[in-house]
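In my numbering, the protein residues as written are 1 to 640. Even for Gly, the Cβ is constructed at its ideal location relative to N, Cα and C. So the structure is just underneath, and the comments pick up after that.
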């Protein structure tokens with residue numbers, strides 16, 4: 001029987017499963033009169049200019065089902081099955097008022113398509129008209145009823161919707177199931193690789209194992225820089241330096257992740273033992289002013305890496321120069337200042353080192369955890385033979401951090417992982433409290449800078465966001481339902497309904513049915529998601545607490561090591577102070593001869609300078625110099 005191209009999108013909206021089943025074996029006449037409904041503003045999605053051909057099999061019969069879609073003023077896609085074809089046209093420029101453009105109004109036979117095909121048409125229409133929540137509901141309704149190639153087809157579209165709706169953990173679940181279908185395996189793997197999140201190292205490790213197990217070629221992947229970058233991090237942790245270098249070198253310049261890749265490449269080259277190559281490529285990028293175009297974090301990481309490499313090359317002047325270029329808002333700025341002080345000390349600039357470390361010990365930085373800065377400050381004073389100030393620096397360290405040694409020793413033995421995570425929760429809940437669960441806020445801030453903790457917390461945040469997304473999408477559907485119910489009330493207010501009114505009422509009821517089904521499916525998805533997400537949250541909270549516990553143990557050891565250094569320095573202070581006195585008694589000259597009374601300090605080893613008064617300006621921090629002069633004695637007759 002010859003079929004003429006008849007349909008508009010409105011007809012397709014009426015072809016949901018129940019209507020199809022009711023019409024099997026006969027024909028049904030539909031009115032194409034439309035009503036405009038004010039819908040919710042759905043997210044704008046940029047679709048490709050075309051999508052590939054699909055196959056929609058029926059029971060016992062495999063039929064070709066081709067879909068062609070063009071983004072032109074009058075977009076359409078054609079469907080062919082059992083010599084039956086439909087053309088559904090709509091004008092995207094007139095959306096979202098849903099004004100449809102039919103080709104004609106002839107009778108439509110319904111018995112030539114399966115319920116599955118009707119639902120797939122319905123879902124595709126919603127997907128192409130950016131009603132993504134409705135498309136999600138339709139495909140979720142289909143999923144439990146299909147198997148084999150049909151199920152793979154539905155999963156393929158669900159993964160697309162999950163990415164666009166930012167349901168990342170549902171995307172992973174559906175993608176991994178899609179991967180089990182041999183004919184879809186490569187496509188599923190490429191899709192997972194392209195959409196992997198930057199914090200999800202476990203998923204990346206899984207994808208790497210799949211690639212090796214099934215011998216999947218990476219040649220077709222294109223710009224999947226996040227995957228390559230994360231793979232490089234994993235290989236680096238596993239000490240596969242050549243593999244990590246090969247992965248990171250696949251990220252070309254111009255992509256947003258290139259700065260990270262560039263820096264990681266330099267680190268890998270350094271670990272391979274070629275410090276000169278690592279240093280030269282960073283210096284070349286600096287000379288070309290590339291760092292100034294990079295994001296804030298990457299720019300500062302580049303300066304920090306250059307400073308550390310120059311330090312290793314014993315070029316302390318250049319090392320200090322790059323430390324000074326770092327922004328004070330950068331998270332690693334404070335520990336970098338301590339490293340910079342060591343550069344100054346090795347240059348012989350004791351006044352600069354001790355001055356900058358002193359500036360870090362004023363009230364401006366009282367909520368920061370920087371115990372090693374006291375060691376650098378003490379060594380700086382020793383270089384100036386300012387023994388009173390050196391001794392005072394060691395006393396300040398002990399007064400500031402001695403209680404923490406006792407506290408860390410206690411909690412590292414007694415606290416569980418959940419208590420460590422509870423510490424962070426309490427700190428966030430009480431932002432003004434100077435101490436939380438007996439821990440100073442500065443110390444809590446130091447603990448939360450642990451990279452492993454940050455990674456786990458990002459996953460926890462994403463899980464929370466996904467729960468919120470379910471609620472948002474269900475709410476959007478409820479709003480559309482309300483607008484349709486209002487329209488239905490307007491129709492039913494009429495004393496007598498015309499044929500057109502009855503057609504319109506049927507159209508409204510059908511859309512309400514579709515909306516209700518979609519809302520119910522999303523509700524079911526949300527319920528399953530809550531169980532899965534709560535399980536994952538508990539797991540990652542435990543991992544986050546474990547990361548904090550490891551950081552706590554490392555902190556305790558660091559404090560013990562710092563106090564050991566200070567104890568040695570105290571012996572050095574008393575020893576050198578005694579030597580200075582013996583030199584003076586033997587007739588040696590002082591290194592500070594001729595200084596003004598204001599600049600001089602008492603030769604009494606117990607005397608202390610640097611009593612802080614006044615303000616410290618933020619833009620001056622890192623550029624302080626001690627006003628103390630060098631009191632180290634020189635042999636009689638020599639210039640100081």
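DSSP beta-bridge partners for residue i?
i           : result
residue 714 : In the structure as shown, the chain begins at 1 and stops at 640. Residue 714 is therefore absent and cannot be evaluated.
Can you tell me the Cα-Cα spacing of residue i and residue j, whole angstroms?
i           : j           : result
residue 490 : residue 510 : 17 Å
residue 357 : residue 566 : 15 Å
residue 50  : residue 150 : Model confidence at residue 50 stands at a pLDDT of 33, short of 50, so the residue's coordinates are unreliable and nothing is read from them.
residue 563 : residue 369 : 15 Å
residue 120 : residue 504 : 24 Å
residue 335 : residue 627 : 23 Å
residue 143 : residue 474 : 19 Å
residue 394 : residue 410 : 24 Å
residue 445 : residue 342 : 24 Å
residue 157 : residue 139 : 8 Å
residue 461 : residue 448 : 15 Å
residue 318 : residue 279 : 12 Å
residue 471 : residue 459 : 19 Å
residue 154 : residue 145 : 11 Å
residue 235 : residue 245 : 9 Å
residue 204 : residue 193 : 8 Å
residue 481 : residue 443 : 52 Å
residue 321 : residue 452 : 30 Å
residue 301 : residue 284 : 16 Å
residue 524 : residue 477 : 14 Å
residue 559 : residue 168 : 41 Å
residue 573 : residue 340 : 23 Å
residue 184 : residue 177 : 10 Å
residue 255 : residue 399 : 50 Å
residue 67  : residue 324 : Below a pLDDT of 50, predicted positions are generally treated as unreliable, and residue 67, at 32, falls in that range; no measurement from the model is reported.
residue 430 : residue 208 : 42 Å
residue 227 : residue 202 : 12 Å
residue 517 : residue 229 : 41 Å
residue 122 : residue 161 : 14 Å
residue 496 : residue 506 : 15 Å
residue 132 : residue 467 : 17 Å
Counting C-beta neighbours from all protein chains within 10 Å, is the total for residue i 16 or more, i.e. buried, or is it exposed?
i           : result
residue 479 : exposed
residue 454 : exposed
residue 579 : exposed
residue 124 : buried
residue 274 : exposed
residue 428 : exposed
residue 147 : exposed
residue 389 : buried
residue 568 : exposed
residue 231 : buried
residue 251 : buried
residue 276 : exposed
residue 237 : exposed
residue 200 : buried
residue 457 : buried
residue 641 : In this structure the chain extends from 1 to 640, so residue 641 is not present and cannot be described.
residue 137 : buried
Complete alpha helix (DSSP H) runs within the stretch 358-389 (minimum length 4 residues, chain order): 372-383
Those runs of the alpha helix (DSSP H) which lie wholly inside the stretch 183-257 and span at least 4 residues: 185-195, 201-214, 225-237 and 241-248
Contained alpha helix (DSSP H) runs [length at least 4] in the stretch 446-506, N- to C-terminal order: 451-492
Inter-stretch contact at 8 Å, needing at least 3 Cβ pairs: the stretch 342-355 / the stretch 529-546: no
Segment contact, 8 Å Cβ cut-off, at least three pairs: the stretch 483-498 with the stretch 181-189: no
Any 3 or more C-beta pairs closer than 8 Å across the stretch 260-275 and the stretch 235-252: yes
The stretch 403-417 contacting the stretch 360-367, beta-carbon criterion three pairs below 8 Å: no
At least three beta-carbon pairs within less than 8 Å, the stretch 417-425 to the stretch 378-391: no
Stretch-stretch touch, CB-based, cutoff 8 Å, three pairs: the stretch 550-561 with the stretch 463-470: no
Contact the stretch 520-536 vs the stretch 372-379: 3+ CB pairs below 8 Å: no
Every unbroken alpha helix (DSSP H) inside the stretch 534-559 [4 residues or more]: none
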